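The next block holds one structure in the form of structure tokens; read it before the comments.
Protein chains: 2
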Amino acid sequence: MATGRTHRPATRSRGIPEATVARLPLYLRALTALSERSVPTVSSEELAAAAGVNSAKLRKDFSYLGSYGTRGVGYDVEYLVYQISRELGLTQDWPVVIVGIGNLGAALANYGGFASRGFRVAALIDADPAMAGKPVAGLPVKHTDELEAIISDNGVSIGVIATPAGAAQQVCDRLVAAGVTSILNFAPTVLSVPEGVDVRKVDLSIELQILAFHEQRKAGEDAAQESAAQESAAPAPAVSGGADRRKGPDGDVPAVMPA
Amino acid sequence: MATGRTHRPATRSRGIPEATVARLPLYLRALTALSERSVPTVSSEELAAAAGVNSAKLRKDFSYLGSYGTRGVGYDVEYLVYQISRELGLTQDWPVVIVGIGNLGAALANYGGFASRGFRVAALIDADPAMAGKPVAGLPVKHTDELEAIISDNGVSIGVIATPAGAAQQVCDRLVAAGVTSILNFAPTVLSVPEGVDVRKVDLSIELQILAFHEQRKAGEDAAQESAAQESAAPAPAVSGGADRRKGPDGDVPAVMPA
DNA sequence: TTATGTGAATCCCTTCACAGCC
DNA sequence: GGCTGTGAAGGGATTCACATAA
């Protein structure tokens, strides 16, 4: 792929926007539920509600996949399930390894959502020799020494890292060297990987921090002055001997927006 | 432009873009690491590298908070740590409850990242009477019956849902009724909540599915025809008696990139 | 000279609104 | 009539590039 600009703006082969890809699993889950209730067809409106998005967005998303609906009727549930599964690559088997079998790793190993959608846990790997052989979620934990062999024997291309932060980069390097090209990282670290390797990050505490931000704002609507008061308690910047030169986004005046 | 639903421009009280808010925890983590190494100042370039973003983006992000840097020098680490913490609301104490103490709930309860950043686990709650009283991460698990009392006694405004999908909405309703206004949802369901309640969703299997999509594309570069072959095996759409009217994004012609 | 802070340009995503087909 | 599929408009976010300040 040529990094270059698209000489064909329309009709790009597989030009599915990243934002759309991220929503396909949502649609798939909603569709699977409908399928289990033997619902034959669904409208964009209904499906969008079930997936928690709006219908225009959903139709636009599906338009990148092709014209899989019927005007005046809606979408055939089974057919869409198949098409989205195929698009996501879930019609094939993906062996994954989970490295780091602490609380989180064990939770992941037991998580039903993995196995149910084309993912197969090929092995659980931990650095602690005491863990070796112990069964977790029905699988015996393997020692890190076997990592490379497991990956090549099973053709693993997706690895899940659930180790402490300190071990994550090292594990990542070994996974990549052994042939893994996609990594789901639960460790609170930025991983550096060579070009061509995908990393997705799930960070539990970051999500909470984002919630706290919004929560604070809700509370702050009543007492908008509070944060200004807090700011006065800030440690002075060490650099450039100290006149109070810090300025908030709205200066020091009360931050009231003209609606 | 009539039909305007949003009476509020939404998400603009302090004017910090949502995308920026989502990155502040990343910066904060990188800064904390620098702080622990007693690094006094850092440039946007260095900090951006540590956080895994590019420096222009970082500077733009910080510009929404205020002018906290020094031209020609960089940012004072301690000062920035404080400012970002304050902006995120981490200078105050946030009691949280975790509902659903299975593998994942236990993992969350043990997760150090929570306690370390202004979050305090006020209680662990589970519906299983057999769990009640059992210690997890040093806290005795409480029964769901006590949910409302725990929330009001502790002034909990943030709840974490780690129950099975089937129980999630019900738990959510009770949390909200009891006064919780921010929810971090690990259950694979779309929660419906009243206006004013924030929900963030973490879905482990969705992340894997997104990885699988990209992984498939990597593999497909060698054998681009394969997916066309698979498409022929698709179940025919049930709707509208059967002529082969399905069309992929490029019709039926082989989807080969000019590349 | 160095590195921040920020208008301006660009890119991407979302939403609108309606043409097209059932 | 109903609902999909999609150009076009609109809004955000990212990136560029340079004026600005230490």
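Order-wise, the sequence lines are chains A and B. Under UniProt numbering, the first residue of the first sequence carries the number 1, and numbering increases by one thereafter. Under UniProt numbering, the first residue of the second sequence carries the number 1, and numbering increases by one thereafter. Backbone N, C-alpha and C fix where the C-beta goes; we use that ideal spot for every residue, glycine too. Predicted model only: the values in this text are computed from it and were never measured.
Asked, Found
"Report the residue from B/Val176, B/Ser205, B/Pro135, B/Arg117 whose alpha carbon sits nearest the alpha carbon of B/Ala149.", "B/Val176"
"For A/Asp126, count the other beta carbons within 10 Å of its own beta carbon; 16 or more makes it buried, fewer makes it exposed. Which is it?", "buried"
"Given a threshold of 16 other Cβ atoms within 10 Å of its Cβ, counted over all protein chains shown, does B/Glu195 qualify as buried or as exposed?", "exposed"
"Check whether the Cβ of residue 274 of chain A lies closer than 8 Å to any Cβ atom in chain B.", "Because chain A in this structure spans residues 1 to 259, residue 274 of chain A falls outside the shown range and cannot be described."
"Chain A partners of B/Glu195, CB-CB under 9 Å?", "Result: empty, since nearest Cβ-Cβ is about 12 Å, beyond 9 Å."
"According to DSSP, what are the bridge partners of B/Ile161?", "B/Val99, B/Asn185"
"According to DSSP, simplified to helix, strand and coil, what is B/Leu104?", "helix"
"I want to see whether chain A comes within less than 8 Å of B/Pro17, judged by CB atoms only; does it?", "no"
"Can you pull the chain B residues whose beta carbon is under 8 Å from the beta carbon of A/Pro25, in chain order?", "Asp203, Ser205, Ile206, Gln209, Ile210"
"Expressed to the nearest angstrom, what Euclidean distance is found between the alpha-carbon atoms of A/Ser152 and A/Gly179?", "7 Å"
"Let me check one thing: in DSSP terms, what residues is B/Leu139 bridge-paired to?", "B/Val136"
"So, with DSSP's three-state summary, where would you put A/Val77?", "helix"
"What are the start and end residues of each continuous beta strand (DSSP E) run of 3 or more residues lying completely inside the UniProt DNA-binding region \"H-T-H motif\" (26-65) of chain A, in chain order?", "none"
"Can you pull out the residues from the stretch 81-105 of chain B whose beta carbon lies closer than 8 Å to at least one beta carbon of chain A?", "Tyr82, Gln83, Arg86, Glu87, Leu88, Gly89, Leu90, Thr91, Gln92, Trp94, Val96, Gly102, Asn103, Leu104"
"Of the residues that make up the stretch 116-128 of chain A, which ones have a beta carbon closer than 9 Å to any beta carbon in chain B?", "Ser116, Arg117, Gly118, Phe119"
"Grab the span of the alpha helix (DSSP H) containing residue 268 of chain B for me, first residue to last.", "Given a span of 1 to 259 for chain B in the structure shown, any question on residue 268 of chain B remains unanswerable."
"At a CB-CB cut-off below 8 Å, which residues of chain B make contact with A/Asp198?", "Leu211, His214, Glu215"
"With DSSP collapsed to three states, give me the class of B/Ile210.", "helix"
"Closer than 8 Å is the cut-off here; do at least three beta carbon pairs connect the stretch 58-68 of chain B with the stretch 77-87 of chain B?", "yes"
"A/Gly15 by DSSP, collapsed to three states: which one?", "coil"
"What does DSSP give as the partner residues of B/Ile125 in its beta bridges?", "B/Val99, B/Lys142"
"May I ask you to report which of helix, strand or coil DSSP gives B/Gly198?", "Here the sequence assigns Asp to residue 198 of chain B, which means Gly is not the residue at that position. In the structure shown, B/Asp198 sits in a strand (DSSP, three-state: E or B)."
"DSSP puts A/Phe119 in a beta bridge; with which residues?", "A/Trp94"
"Under the three-state reduction of DSSP, which class applies to A/Gly220: helix, strand or coil?", "helix"
"Smallest Cα separation from residue 265 of chain A: which of B/Pro140, B/Ile84, B/Ala107?", "Here chain A has residues from 1 to 259 only, and residue 265 of chain A is not among them."
"In terms of alpha-carbon separation, which member of A/Pro135, A/Ala123, A/Gly15 lies closest to A/Ser158?", "Looking at the sequence itself, residue 158 of chain A is Ile, so the reference to Ser does not match. Cα-wise, what sits closest to A/Ile158 is A/Ala123."
"Measure the Cβ-Cβ separation of B/Ser44 and B/Leu58 and say whether it is below 8 Å.", "yes"
"Spatial neighbours of B/Thr163 within its chain, please: C-beta separation below 7 Å, excluding the five flanking residues on both sides.", "Val99, Gly100, Val171, Ala187"
"Of the choices A/Leu147, A/Phe114, A/Asn110, whose alpha-carbon is the least far from that of A/Pro135?", "A/Asn110"
"Relative to the C-alpha of B/Pro129, which residue among B/Lys142, B/Ala51, B/Gly220, B/Arg117 is closest?", "B/Lys142"
"So, with DSSP's three-state summary, where would you put A/Gly179?", "coil"
"Please list, in chain order, the chain B residues whose beta carbon lies closer than 8 Å to that of A/Thr144.", "What A/Thr144 touches in chain B: nothing, since even the nearest Cβ is about 20 Å away."
"Between the C-alpha atoms of A/Val96 and A/Ile16, what's the straight-line distance to the nearest angstrom?", "25 Å"
"Kindly identify the DSSP beta-bridge partner or partners of A/Thr70.", "A/Gly74"
"Looking at chain A, is there any beta carbon in it that lies within less than 8 Å of the beta carbon of B/Gln169?", "no"
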